[in-house]
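Going down the list, the protein sequences come from chains A and B. According to my numbering, the residues represented by the first sequence are 2 to 342, in order. According to my numbering, the residues represented by the second sequence are 2 to 342, in order. The beta-carbon is built from N, C-alpha and C at its ideal position, and this holds for glycine as well.
Number of protein chains: 2
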Amino acid sequence: MKPTVHDIAREAGVSLSTVDRVLNGRADVRPKNAERVKDAVRRLGYVRDTNAANLARKRRYKFVFVLPEGPNHFVDTVAGAVREATAAQVTDRADVEIVYVNAADPHAVVKRLKSLDLGTLDGVALMVPETPQVRDAIAHIKSAGAYVVAFVSDLPNSKCDHFVGIDNFSAGQTAGALLGRFLRKETGCILVTSNSMVARDSIERRYGLDEVLLRDFPRLKALPTIEFHDDPQRIRDTLTRATATHADLKAVYSMGSGNAIMLEALRETAAGLDLVVVAHDLTPVTRQALVDGEVDAVIAQNVGHLARSALRVLRAKCDDAGIYEAQEQIRIEIVMRENLY
Amino acid sequence: MKPTVHDIAREAGVSLSTVDRVLNGRADVRPKNAERVKDAVRRLGYVRDTNAANLARKRRYKFVFVLPEGPNHFVDTVAGAVREATAAQVTDRADVEIVYVNAADPHAVVKRLKSLDLGTLDGVALMVPETPQVRDAIAHIKSAGAYVVAFVSDLPNSKCDHFVGIDNFSAGQTAGALLGRFLRKETGCILVTSNSMVARDSIERRYGLDEVLLRDFPRLKALPTIEFHDDPQRIRDTLTRATATHADLKAVYSMGSGNAIMLEALRETAAGLDLVVVAHDLTPVTRQALVDGEVDAVIAQNVGHLARSALRVLRAKCDDAGIYEAQEQIRIEIVMRENLY
DNA sequence: CCCTATTTGACATACGTATGTCAAGTCAAC
DNA sequence: GTTGACTTGACATACGTATGTCAAATAGGG
């Protein structure tokens, strides 16, 4: 039988009320008695029955996901996963809202964050770039008692309670290792594309890539990252130029957002070249490209796992419970046509 | 506000008792009233609060994992994951026991299954080969009201409630695709090893491998599977012979159990050969081999996920709740040194 | 040692559901 | 219209925890 608060009260030789005051950090309890209760908790190995507690409290959790707006396949799949996870955990007394912000505009982000109703809010999952303003806004939210997790993109300099996402440096390394192995005995260069290198994710991935190539596969050379800022023409031109300039072009690494544009350009300009293609993020676009054989492998993070993990972590924080690290570790997945899910 | 049984009673114009009788399938309710209650449930969108229900029932779940005994790194990691998941979900009112059986002896397996206390048992996760005797034992357990999930190894001809594991055919395909891509422009043959081909897992993986090689990489030829039945000498001899006979040996595919022996033999006999090595299952052995660069990639399934999924599915079955498919989908992971976790 | 401020305990009620008891109600058949 | 069988409803208690009220106990200062 698991011990209950009654057992604690008896063991500590105090009343239920006192146990309650200690357990829930209420004031007006003498240190001596507080110690006795804590001792009893330790001795009996008491753990609060969160379900019963939530029942008694009529507790509902109010969580908000802040995601970047604008057309983006990856964000769409993430949002879908959040909605799905929320629906499935409908039994789990959590109200989840998704709000979109213009992530490129720190001012707009902060404005939206400030407009959250801190009175009812229990936690926020934030997928926005880190800026000083955002950092302050996070501090503000936290000081109001809500929890904040960095979501997908880390916010290393902010006072977040957790980061739910992958290590993008390792992701870049993985891409590099994959390319190195796919081009086992070959020498040549690799075209690296990204929609934009302002996001720290892309920068970290690039570092990871370079590190592995330099160390393990010096025969492969990664060209400077091409940023195309949503401009199909730009990537098309660059690709054409690259194939012309670099006769030894062997592979393309698409570092995330903008896969669709990149793949289209590839189809138009490099059809007969037999390039190895590695891309990031599993979206309808990359999924189809895997099936069609246009992409050899995709480096992905499971969006369902991301969403569920963020929800679990926020709940755990609210309940002041421990986090089950093994479950919350988001893995860097390598997806090919054969293990597509 | 979520509707409660009280709301249902009011809406249906019956008493709480009647609602309870209908909801919990007790006898002695006139069809007309049963219908009214069910209607009210539908109209109000009532879902039972499982936590409150479990609290009232003092419900504890009793689950048993049946795993193959004998020295096996993979089973060890699985057992560890089960223990860890159990400990972490200690709050979750489940008692979990792991029992080991001699999986090679169907009679022993059945004997152990028969000795389970069906009176208190709520569910079993079974990781044993399928035999007619096992099939009968499963039917027996189910007729006693407990739930059965096939764990890691599918039991397609038995009346299980669920299968928690990967599709091994796809896993074999994945291995084939990986080998095909790692040996992008090369021609040659692949050594395939397994400790034993009696387990259906190995057979399915082999089929998957062959299918992909034949279709997509005909330049690569997989040699007949070498089974070495825990005999290091056998694999060493075979490897020596293979390297002598097949000058074009390019890769080794280790289909699971016996990775340690295989890797050791490889170290002794094929040190300078620059072979591509793909293995199954992430264990301390393959983990170290990845770090050391002895293995290029490991096809794995996340054992933590396996354990948690089995527990969740069993619980869902007991609660007569739906299964959240997306979460229970076990993925075929490709693990390299860089995305090792 | 008294007074006051603080701390404590006893008790009641609640959360949403389960379950048991018993009296009252309904129904069909005679 | 009565009997007996079946069905229903009212009520009480419980699960483990939270929370509020109020009187009683205690500590500390003078």
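Asked                                                                                                             : Found
Complete alpha helix (DSSP H) runs within the region 254-283 of chain A (minimum length 4 residues, chain order)  : 260-270
Any chain B beta carbon closer than 9 Å to Glu295(A)                                                              : no
For Arg185(B) and Gly166(B), the rounded distance between their alpha carbons                                     : 30 Å
Short-range partners of chain B found in the region 210-234 of chain A, where Cβ spacing is below 7 Å             : Val213
Cross-chain neighbours of Ala53(A) in chain B, by beta carbon under 9 Å                                           : Asn52, Ala53, Leu56
Rounded C-alpha distance that separates Val30(A) from Thr19(A)                                                    : 7 Å
Sequence-distant residues of the same chain with beta carbon closer than 7 Å to Asn158(B), five excluded per side : Glu131, Arg136
Secondary structure of His163(B), DSSP reduced to three states                                                    : strand
Segments of 4+ residues assigned as alpha helix (DSSP H) that fall wholly inside the region 184-265 of chain A    : 201-217, 233-246
Candidates Val277(B), Ala322(B), Asn340(B), of which the one nearest Ala172(A) by Cα                              : Asn340(B)
CA-to-CA distance, Ala89(A) to Val54(B), given in whole angstroms                                                 : The sequence given here places Ala at residue 54(B); Val does not occur at that position. Ala54(B) and Ala89(A): Cα-Cα distance of roughly 19 Å.
Rounded straight-line distance, which links the Cα of Leu315(A) to that of Val125(A)                              : 8 Å
Nearest to Ser154(A) (by Cα), restricted to the options Thr121(A), Asp202(A), Gln174(A)                           : Asp202(A)
8 Å Cβ cut-off: residues of chain A touching Thr175(B)                                                            : Met337, Glu339, Asn340
Chain A contact for Ile333(B) (CB, 9 Å cutoff)                                                                    : yes
Where Met128(B) falls, given that 16 or more other Cβ within 10 Å makes a residue buried                          : buried
Amino acids of chain B, ordered along the chain, whose beta-carbon sits closer than 8 Å to that of Ala272(A)      : The contacting residues do not exist; Ala272(A) stays about 18 Å from chain B at best.
Integer-rounded CB distance, given that Lys222(A) should sit under 8 Å from Cys190(A)                             : 4 Å
Range of the contiguous alpha helix (DSSP H) that encloses Gly305(B)                                              : 304-319
The beta strand (DSSP E) enclosing Asp96(B), as first and last residue numbers                                    : 95-102
Residues sharing a beta bridge with Thr24(B), DSSP                                                                : The sequence given here places Leu at residue 24(B); Thr does not occur at that position. Partner(s): none; Leu24(B) has no beta bridge.
Residues that Leu127(B) bridges to, as DSSP identifies them                                                       : Val67(B), Ala151(B)
Contacting positions in the region 182-195 of chain A - beta carbon closer than 9 Å to chain B                    : Arg182, Phe183, Leu184, Arg185, Lys186, Glu187
Contact with chain B by Leu250(A), beta-carbon distance below 9 Å                                                 : no
Nearest-angstrom Cβ-Cβ length linking Ala351(A) and Glu334(A), presumed shorter than 8 Å                          : One cannot answer for residue 351(A) here, as it falls past the ends of chain A, which runs 2 to 342.
Unbroken beta strand (DSSP E) run spanning Leu299(B), endpoints                                                   : Checking the sequence, you will find Val at residue 299(B) rather than Leu. Segment 298-301, the beta strand (DSSP E) holding Val299(B).
Inter-residue spacing [alpha-carbon to alpha-carbon] between Phe183(A) and Gly294(B)                              : 15 Å
Within-9 Å CB hit, Tyr47(A) to chain B                                                                            : no
For Glu329(A) and Ser1(A), the rounded distance between their alpha carbons                                       : Nothing can be reported for residue 1(A), as the shown portion of chain A is limited to 2 through 342.
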